[in-house]
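See structure below.
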Amino acid sequence: MQHDASPEPTPPVRIGRARFRDLDTVCDLLSLVSPGEPVPRTVPVALSLPPGRLTHGDCLCLTARRGDRIVGVLMASPPHWTETHPLRIELVRSVLYIGGVAVAPDVRGQGIASELLRAAEHHSRLAGLRLLVLEHPPGLAGFYTRHGYTAGQERLLVALPNGMQVRKMPGHQSAVKPLVPGVGLTEVPGAPARVVTGLLPGCAVPPSARYRHGRLVL
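In full-length UniProt numbering, the protein residues as written are 1 to 218.
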């Protein structure tokens with residue numbers, strides 16, 4: 001009697017620090033995030049950084065490997081709007097922007113993106129970050145909601161001591177996930193989206209706040 005051979009078990013996925021020699025594969029996967037658009041020039045710069053608070057200085061660059069093959073990647077860094085902000089130092093220590101999560105098409109639907117997100121959250125908490133933010137196509141709102149994000153917002157609104165930070169990416173929606181108590185989202189009358197409150201000291205939004213003409217009125 002012949003017996004069919006049992007299928008080989010699927011090797012587990014390992015999440016780890018991206019290496020500079022992985023650059024070509026990382027860029028190939030990230031090109032799937034926004035087809036037709038160039039991969040940000042900051043990617044090779046980030047991969048060249050030594051470990052710091054995160055895997056690459058203030059950036060987080062993770063790969064998902066199955067055997068010797070890279071099947072997924074996550075790239076995160078301080079939000080671009082922090083680069084010229086007067087509170088840059090405090091913001092870089094507090095908020096991380098997930099710029100891309102990509103999985104090879106032939107292995108999607110196997111939880112790899114979820115593992116990358118969980119690893120990113122773990123690294124971020126260990127680094128003392130207080131908030132994760134990202135931008136996503138409308139069709140992915142449900143995915144990020146299932147992972148604890150407030151997703152599907154038309155823009156990102158962050159209350160800061162020196163005013164409101166507003167971010168809107170055409171064709172995309174915003175998602176945020178507070179990582180510590182004291183940081184949250186609040187409804188403000190007149191605001192086009194919930195407002196992030198408590199990110200930095202002195203920027204908690206009081207119940208009396210109103211949003212008028214693009215400004216937060218306390």
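C-beta atoms are modelled at their ideal positions from N, C-alpha and C, and glycine is treated no differently.
This one's a predicted model, so the numbers in the text were calculated from it and none came from an experiment.
{"Check": "Beta carbon of L49 nearer than 8 Å to that of L62", "Outcome": "no"}
{"Check": "Top-ranked residue by Cα proximity to G128, from E135, R66 and P181", "Outcome": "P181"}
{"Check": "When D24, Q173, P161 and V196 are compared against R155, the one with the closest alpha-carbon", "Outcome": "Q173"}
{"Check": "Residues near L32 by beta carbon distance below 7 Å, same chain, minus five either side", "Outcome": "A102"}
{"Check": "Coarse secondary structure for E115, derived from DSSP in three states", "Outcome": "helix"}
{"Check": "Local conformation of L132 per DSSP, three classes", "Outcome": "strand"}
{"Check": "Strand pairing of E159, partner residues [DSSP]", "Outcome": "Sequence check: residue 159 is Ala here, not Glu. Paired residues: M164."}
{"Check": "Run of the alpha helix (DSSP H) containing A204, from where it starts to where it stops", "Outcome": "No alpha helix (DSSP H) contains A204, which DSSP labels as neither H nor E."}
{"Check": "Any chain D beta carbon closer than 8 Å to P201", "Outcome": "Of the chains in the structure shown, none is chain D; there is only one protein chain."}
{"Check": "Inter-residue spacing [alpha-carbon to alpha-carbon] between Y144 and S34", "Outcome": "18 Å"}
{"Check": "Own chain, CB closer than 7 Å to G184, minus 5 neighbours either side, in chain order", "Outcome": "P178, T197 and G198"}
{"Check": "Closer than 7 Å: V26 CB and nearest the ligand MN heavy atom", "Outcome": "Looking at this structure, you won't find the ligand MN or any other ligand, since it has none at all."}
{"Check": "R130 versus V71, V158, L30 and H136, residue with shortest Cα-Cα distance", "Outcome": "V158"}
{"Check": "Pairwise C-alpha distance: T10 and G152", "Outcome": "34 Å"}
{"Check": "Meets three-Cβ-pair contact criterion under 8 Å: the region 108-117 and the region 78-91", "Outcome": "no"}
{"Check": "Residues bridged to H122 [DSSP beta-bridge criterion]", "Outcome": "For H122, which the question treats as bridged, DSSP gives no partner whatsoever."}
{"Check": "Proximity below 8 Å, CB of Y211 to CB of V188", "Outcome": "yes"}
{"Check": "Euclidean distance between Cα positions of H122 and K168", "Outcome": "27 Å"}
{"Check": "For L47 and L134, the rounded distance between their alpha carbons", "Outcome": "20 Å"}
{"Check": "Minimum C-alpha distance to R125 - residue among L91, R53 and C27", "Outcome": "R53"}
{"Check": "Inter-residue spacing [alpha-carbon to alpha-carbon] between S208 and D106", "Outcome": "51 Å"}
{"Check": "L60 in three-state terms, based on DSSP", "Outcome": "strand"}
{"Check": "Start-to-end residues for the beta strand (DSSP E) that takes in R14", "Outcome": "V13 to R17"}
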